[in-house]
Amino acid sequence: MMTPLRPTIEKRIGDQFSLLREKQVEPWSTFGSGVPFEVYSYTGKKVSYEGIKFEGSPQMVFWSRYIEPFIESIVTSEIKSAVALLSGTKVNPESLLIEAQELFLKETRAIFERMSEIDHRQRSYGYPEHTAKRSIEPEYHQVEKFIKLHIAAEIELSQRSKFENWYKNNQFSVWVIGSVITVIGICAAFA
55 MMTPLRPTIE
65 KRIGDQFSLL
75 REKQVEPWST
85 FGSGVPFEVY
95 SYTGKKVSYE
105 GIKFEGSPQM
115 VFWSRYIEPF
125 IESIVTSEIK
135 SAVALLSGTK
145 VNPESLLIEA
155 QELFLKETRA
165 IFERMSEIDH
175 RQRSYGYPEH
185 TAKRSIEPEY
195 HQVEKFIKLH
205 IAAEIELSQR
215 SKFENWYKNN
225 QFSVWVIGSV
235 ITVIGICAAF
245 A
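So the sequence shown is residues 55 to 245, counted in the numbering used here.
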């Protein structure tokens with residue numbers, strides 16, 4: 055069953071990945087069109103090429119952790135946002151985080167599939183039937199591990215928080231029960 059916050063996180067995550075696709079992936083589709091090519095890496099380093107083919111250095115840059123830091127940043131910031139949305143609601147944190155994980159994985163696969171399409175077109179030189187499409191599985195699985203690890207950690211933290219909140223709200227009861235058990239234990243020892 056969908057949580058009431060799913061539409062909100064779906065929009066946020068979708069918007070972030072759309073922007074990533076537009077700014078960091080789509081420019082590569084114009085590589086080699088005669089116009090100087092320029093993008094920026096996650097660290098802000100300029101990546102620019104002019105007058106060369108895609109195969110070689112550009113292709114290595116494209117597939118060597120170029121997009122992953124951007125995705126990882128979206129994942130960590132949107133997990134924080136999802137957790138913040140939970141404040142003051144009765145929405146189950148685990149359910150919302152699992153929904154976020156599904157959205158992250160779907161969007162990540164779409165990004166890598168688009169990158170594979172661009173790579174295929176750049177390498178085929180007009181003959182796509184003679185060029186094998188590159189598998190995205192190694193890159194996708196690395197990011198999938200990252201996403202699942204961070205979601206699992208946040209779920210664990212949210213479960214700890216539930217206990218801590220329960221304890222905070224019931225400290226007096228816990229103290230009374232502990233005192234009663236102590237008195238019973240002392241009485242039993244002297245009996």
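For every residue, glycine included, the Cβ atom is placed at its ideal position computed from N, Cα and C.
Classify residue i: buried if its beta carbon has 16 or more other beta carbons within 10 angstroms, exposed otherwise.
i: Y120; result: buried
i: E162; result: Per the sequence presented here, residue 162 reads as Thr, with Glu not at that position. Counting Cβ neighbours within 10 Å, T162 comes out buried, since at least 16 surround it.
i: F71; result: buried
i: E183; result: exposed
i: L73; result: exposed
i: D173; result: buried
i: E191; result: exposed
i: F244; result: exposed
i: I201; result: buried
i: P61; result: exposed
i: L211; result: exposed
i: V93; result: buried
Report, in whole angstroms, the separation of the C-beta atoms of residue i and residue j, which I expect to be a contact under 8 Å.
i: R177; j: E104; result: The pair is not a contact, with the Cβ atoms about 19 Å apart (cut-off 8 Å).
i: I63; j: A136; result: 5 Å
i: E198; j: W117; result: With 8 Å as the limit, E198 and W117 do not qualify as a contact, their Cβ atoms being about 16 Å apart.
i: F158; j: I67; result: 7 Å
For residue i, which residues in the same chain have their Cβ closer than 6 Å to its Cβ, ignoring the five residues on either side in sequence?
i: L151; result: I205, E208, I209
i: L140; result: P147
i: R188; result: S170, D173
i: P112; result: Y103
What residue from the options has the CA that sits closest to residue i's CA?
i: M56; options: E132, V89, S149, P112; result: S149
i: F91; options: S135, S83, S102; result: S102
i: T84; options: D69, K107, K199, F200; result: K107
i: E69; options: S212, Y194, I128, R188; result: It should be noted that the sequence gives Asp, not Glu, for residue 69. Ranking S212, Y194, I128, R188 by Cα distance to D69 puts I128 first.
i: Q213; options: T185, P147, K187; result: P147
i: A186; options: Y194, R175, E193, Q196; result: R175
i: K100; options: G88, V89, V115; result: V115
i: S87; options: E156, I240, Y179, G142; result: Y179
Near residue i, what residues of its chain come up, given a Cβ to Cβ distance below 8 Å and the 5 sequence neighbours on each side ignored?
i: I133; result: L151, A154, H204, I205, E208
i: G232; result: none
i: Q196; result: E122
Which same chain residues end up closer than 7 Å to residue i when comparing Cβ atoms and leaving out the 5 residues on each side of it in sequence?
i: P58; result: V145
i: Q124; result: According to the sequence provided, residue 124 is Phe. The question's Gln does not apply to it. Once the five neighbours on either side are set aside, the close Cβ partners of F124 are L74, Q78, Y96.
Answer yes or no: the CB of residue i versus the heavy atoms of the ligand HEM, is any distance below 7 Å?
i: I201; result: This structure lacks the ligand HEM, and indeed carries no ligand of any kind.
Given 8 Å as the limit, is there contact between the stretch 70-87 and the stretch 163-170, that is, 3 or more CB pairs closer than that?
-> The stretch 70-87 vs the stretch 163-170: in contact.
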